[in-house]
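Heads up: the sequence lines are chains A and B, in that order. For the first sequence, the numbering used here gives the first residue as 6, with consecutive numbering after it. For the second sequence, the numbering used here gives the first residue as 6, with consecutive numbering after it.
There are 2 protein chains.
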Amino acid sequence: MNISTPPAPPKTEALARRYGQDAIPDVGPWNAHLDLLLSHRSIRGYRPDPVPEGTVETLIAAAQSAASSSNLQLWSAVVVRAPETKAELASIAGGQKHIEQCPLYMVWIADLSRNQRLGDQENVTLEAPPHFETFLVAAVDAALAAQNAVVAAESLGLSTVYIGAMRNDPMRVRELLGLPDQTMAVFGLCVGYPAADVENEVKPRLPQPAVVFSETYGNPEEPALRAAYDRLMTDFSERQGMGAVSWSKRVLERLGPLKSMNGRERLAATIRAMGFPLK
Amino acid sequence: MNISTPPAPPKTEALARRYGQDAIPDVGPWNAHLDLLLSHRSIRGYRPDPVPEGTVETLIAAAQSAASSSNLQLWSAVVVRAPETKAELASIAGGQKHIEQCPLYMVWIADLSRNQRLGDQENVTLEAPPHFETFLVAAVDAALAAQNAVVAAESLGLSTVYIGAMRNDPMRVRELLGLPDQTMAVFGLCVGYPAADVENEVKPRLPQPAVVFSETYGNPEEPALRAAYDRLMTDFSERQGMGAVSWSKRVLERLGPLKSMNGRERLAATIRAMGFPLK
């Protein structure tokens, strides 16, 4: 008789991949949508195959279905397929070749300009746009929208990766895409089918008790939780062929020296020069 | 013989609700995940029924599955159930009663403090956190995470609404939730079961050609697209019992006078006082 262990239910498997076996949270009801969300991984290598007709329209319909603060709809997207533009954008991003590879590159834009054009047309002075708050609303609205597009893409068997490095030189992105004043490329998004050889293991995250709190902030166990996560991520990093490096070490490398910001330390000044006073 | 019109396919119905019959985009393949995303509506009235055991853990697992810039994980969430705290938060938000009604209120926090504590423990000076860029990454990461939580909640039959009005007085939110320096409540999120009497028609959005562009920004048809959307939204507004008011008029009311910012015009100064120099 062949006695085998029954397979773990999808919920347990999905959570073990995300948190490791020792930090599985006690979640409630489960469904296929949660399976999709939990299975996300960022993909940094693409096949050249085009995406199906209508994909952009589908992703934008999902994006526009996300909440928008006061329905102001303070974001836009520019879809880039032209190889020469993608090559320039890849160069801005420090040579991230997946920007050139992916059939569809979407640039997500905090956009106060559309509503400014409305104010101009109606001869109404808009007092809110120069304020930091209004820029923040636009950036958050763009992020909510893009995340819905990511979920939609993954539901269609496509993969994605966000490209924060558009902010290495947003003024050059603006020139390339013909962006007007009061717009800013917050991030890019590669969309396409993953290349066969790319790593696509789900990346573990901090244990839940380190990031979610009841009633008031904080957990005295934070150092122990971080130490456990460091062990998990050291193993993950080694499996990915990136050396046995802990999460803590990577965070300190990324946030420690100014040079790791790749020019983004000048972002506030650049955004001001793009028509956002950030008052 | 009973001759009846066959029902529209789910895709066409979902798109007609979101864009109106005259602006249905030409989308590609469809599935149940897209149906879920497209059916989103913000709900501003809740039954007192509690959410199932494990709901918070499920929403946070979805949230942590969203991409995180350089895996820095610069966000946290505080879950509020205490009626007195929810009452205070509702008051900060100008008396939004759904904050008191919903069984689960989640405050989403841009959080540089966790990684700062790591730097302090390891005696490493972190040069990136004082910069505007790093605050922006935290706010965007919080938004990506929260949007996954919203999708997860809706997949479980729960409803949500984002509460930007935490930013009316983020310093008071910080006091109520015991937030440390280098954290800021970006927005709240009500989670619960909708009350029977709340409006829950899907809100139409701008036609796609007004917000998504190919290769370079802009569409010369923008004024006509806006006019068509104004007609759609005037009808929507009237059906909702909010008067026959166009989208353009609402935008100009919201972005025009400074007083409509409800104190958020001071946000940059407040965030600086919370330990984000925004350099």
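Using N, Cα and C, we set each Cβ at its ideal position, and we do this for glycine too.
Measuring CB to CB, does Pro209 (chain B) end up less than 8 Å from Arg23 (chain B)? yes
State the CB to CB distance for the pair Val217 (chain B) and Val84 (chain A), rounded to an integer number of angstroms; the pair is presumed to be in contact (CB under 8 Å). A Cβ-Cβ distance of about 6 Å is found for the pair Val217 (chain B) and Val84 (chain A), placing them in contact under the 8 Å criterion.
So, is Thr221 (chain A) buried or exposed, given that buried needs 16 or more other C-beta atoms within 10 angstroms? exposed
Using a beta-carbon distance below 8 Å, is Met266 (chain A) in contact with chain B? yes
Applying a beta-carbon distance threshold of less than 8 Å, which residues of chain B neighbour Ile65 (chain A)? Pro30, Gln213, Val216, Val217
If we ignore side chains and look at the alpha-carbon of each, how far apart do Ala273 (chain A) and Lys284 (chain B) end up? 7 Å
Counting only Cβ pairs nearer than 7 Å, list the residues of chain D close to Val250 (chain A). This model lacks chain D altogether, as its protein chains are A and B.
Answer with yes or no whether the minimum CB distance from Gln106 (chain B) to chain A is below 8 Å. Chain A contact via Cβ: absent.
Measure the CB-CB distance between Leu109 (chain A) and Val156 (chain A) and report whether it falls below 8 Å. In this structure, the beta-carbon distance from Leu109 (chain A) to Val156 (chain A) does not fall below 8 Å.
Helix, strand or coil: which one does DSSP assign to Ile114 (chain B)? strand
What does the Cβ neighbour count give for Thr130 (chain B), buried or exposed, with the cut at 16 atoms within 10 Å? The residue in question, Thr130 (chain B), is exposed, as its Cβ has fewer than 16 Cβ neighbours within 10 Å.
Which runs of the beta strand (DSSP E) fall wholly inside the region 47-74 of chain B and span at least 3 residues, in chain order? none
Ranges of the beta strand (DSSP E) found wholly within the region 136-190 of chain B, counting only runs of at least 3: For the beta strand (DSSP E) assignment, the uninterrupted runs of no fewer than 3 residues enclosed by the region 136-190 of chain B are, from N- to C-terminal side, 164-168.
Exposure label - Gln126 (chain B); buried when at least 16 CB within 10 Å: exposed
Would you check if there are 3 or more beta carbon pairs closer than 8 Å linking the region 234-249 of chain B to the region 138-147 of chain B? Not touching, per the Cβ criterion.
Kindly indicate which residue of B:Val207, B:Arg172, B:Ala66 has the alpha-carbon position closest to the one of Ala98 (chain B). B:Arg172
Which residues bound the alpha helix (DSSP H) around Ala82 (chain B)? Note, Ala82 (chain B): premise wrong, no alpha helix (DSSP H); beta strand (DSSP E) at 80-85.
With DSSP collapsed to three states, give me the class of Phe241 (chain A). In the structure shown, Phe241 (chain A) sits in a helix (DSSP, three-state: H, G or I).
Selected residue, minimal CA-CA separation from Gly25 (chain A), among A:Asp235, A:Leu263, A:Asn267, A:Leu260: A:Asp235
Looking only at C-alpha atoms, which of B:Ala72, B:Leu77, B:Leu42, B:Gln78 sits nearest to Ala68 (chain A)? B:Leu42
Can you tell me which of B:Ala13, B:Ala232, B:Gly169 puts its alpha carbon nearest to the alpha carbon of Gly100 (chain B)? Residue B:Gly169 is the option with its Cα nearest to Gly100 (chain B).
Whole angstroms is fine: what's the gap from Pro12 (chain A)'s alpha carbon to Asp40 (chain A)'s? 16 Å
What three-state label does DSSP hand Val217 (chain A) in the structure shown? strand
Opening and closing residue of the alpha helix (DSSP H) in which Ser1 (chain A) lies: The requested residue 1 (chain A) does not occur in the structure, where chain A is confined to residues 6 to 284.
Measure the Cβ-Cβ separation of Leu263 (chain B) and Glu270 (chain B) and say whether it is below 8 Å. yes
Within a Cβ cutoff of 8 Å, which residues of the same chain sit near Ala278 (chain B), ignoring the five residues on either side of it in sequence? Excluding sequence neighbours, Ala278 (chain B) sits near Met176.
Using a Cβ cut-off of 8 Å (strictly closer), state whether Gly197 (chain B) contacts chain A. By this cut-off, Gly197 (chain B) is not an interface position.
Short CB-CB distance (under 8 Å) between Pro225 (chain B) and chain A: By this cut-off, Pro225 (chain B) is not an interface position.
8 Å Cβ cutoff, Arg236 (chain A) in contact with chain B: no
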